[in-house]
Amino acid sequence: MNWLPPNGALHGIGFDDLLRWNLDTIFWLFVASQILIVLALLLSGLRRRPAPVPGPVRARSFVAFLFTSLLPLLAITGLYIAMVVTSHHLWAVSREQASARHAVQVEVTGVQFAWYFRYPGRDGIYGRLVPDLINAPAGNPLGLDPTDPHSRDDIVSPVLVLPAGRPVDLRLRAQDVIHGFFIPGMRLKQDAIPGMIGHLQFTPEVPGVYPILCTQVCGLGHARMQARLRVVTPSEFQQWLAAREGFALSTPIAEVPAQSAMEERP
Ligand SMILES: [Cu+2]
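Read in this note's numbering, the sequence shown has 47 at position 47, and its numbers run on one by one without any break.
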């Protein structure tokens, strides 16, 4: 049975395997514990014991202690240590390594109630942001400073478009409150926190459209805070970038409407 959404990321297989292994292990531990409880109840019911005689309690034999307490405890401790080590390796893959030198750079900004994606443009440098200049209806939802030369080629989009097969470095920020950046199809989830910059590294592999959600209740419009990731071929990605370069600051950015959030839109 596979109830997980289709995986489109390179590291996703490891996450899915770990999740299934965790669930299987917990299921069989639960079954084993229930069998032990029933057996203990049956055995204690069958055995007729004489009334306890007052006096010092006899020390249990070491062998009984070994098999009923110490070994199960050590086995479960070992199991949990293995789970932590395996999951930390997967965590480190997307969070604790420097991004590849040729990684596609995209900045993700969570705002009540939309996600915006900024590409640094040809110069590879994100332009300056000035909070006083934030004006979403006028097409500047992030407050890009038009006097900064690095801002002029920045591309801001309500859709995250990425090329398949290339490493990506996402720079996560929030403009107002804490938002939860979540792409189920890429097995990625990380909070965007005001005043902090977070990073996520991954490689999208399978072209397609993937929902992006917010997983922190960030206000009344939280439920409609949805966007889309479009994974395209590298040539389609270059075309998409080229079509937007040059007029990044003059193109109004429509907020993603609730109904059409999952539909295909250029
Ligand atoms: Cu949110």
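For every residue, glycine included, the Cβ atom is placed at its ideal position computed from N, Cα and C.
Residue range of the alpha helix (DSSP H) that includes residue i
i	result
F67	Taken as a continuous stretch (DSSP letters only), F67 belongs to no alpha helix (DSSP H), as it is neither H nor E.
W3	Taken as a continuous stretch (DSSP letters only), W3 belongs to no alpha helix (DSSP H), as it is neither H nor E.
R244	P234 to R244
Y116	That residue, Y116, is in no alpha helix (DSSP H); its beta strand (DSSP E) goes A114 to Y119.
P72	L71 to R95
Residue burial classification, residue i (beta-carbon count within 10 angstroms, cutoff 16)
i	result
L23	exposed
P120	buried
L42	exposed
S94	buried
R101	exposed
L80	The displayed chain sequence assigns Tyr, not Leu, to residue 80. Counting Cβ neighbours within 10 Å, Y80 comes out exposed, since fewer than 16 surround it.
A32	exposed
N7	buried
A9	buried
Contacting residues, own chain, Cβ-Cβ under 7 Å from residue i (five flanking each side not counted)
i	result
R265	Because the pLDDT of R265 is 38, which lies under 50, any placement of that residue in the model is unreliable, and the question is left without a value.
V161	R230, V232, F237 and W240
A18	In the sequence on display, residue 18 carries Leu and not Ala. T86, S87 and L90.
T25	L79
Beta carbon of residue i nearer than 8 Å to that of residue j
i	j	result
V130	L172	no
P194	V177	yes
Q201	L213	no
A164	V111	no
Any non-hydrogen atom of ligand 3 within 7 Å of residue i CB
i	result
F113	Looking for ligand 3 in the displayed structure turns up nothing; the ligands present are ligand 1.
Cut-off 8 Å between Cβ atoms - residues of its own chain near residue i, not counting five sequence neighbours on either side
i	result
A103	R166, P167, V168, D169 and Q201
Contacting residues, own chain, Cβ-Cβ under 6 Å from residue i (five flanking each side not counted)
i	result
G127	L144, D148, H150, S151 and D154
Bounding residues of the beta strand (DSSP E) (the contiguous stretch that carries residue i)
i	result
H199	G198 to F202
P163	L160 to P163
G208	G208 to C214
R171	V168 to A174
Three or more C-beta pairs closer than 8 Å, one from the region 183-197 and one from the region 134-146: is that the case here? no
If you pair each beta-carbon of the region 144-153 with each one of the region 101-116, do three or more pairs fall below 8 Å? no
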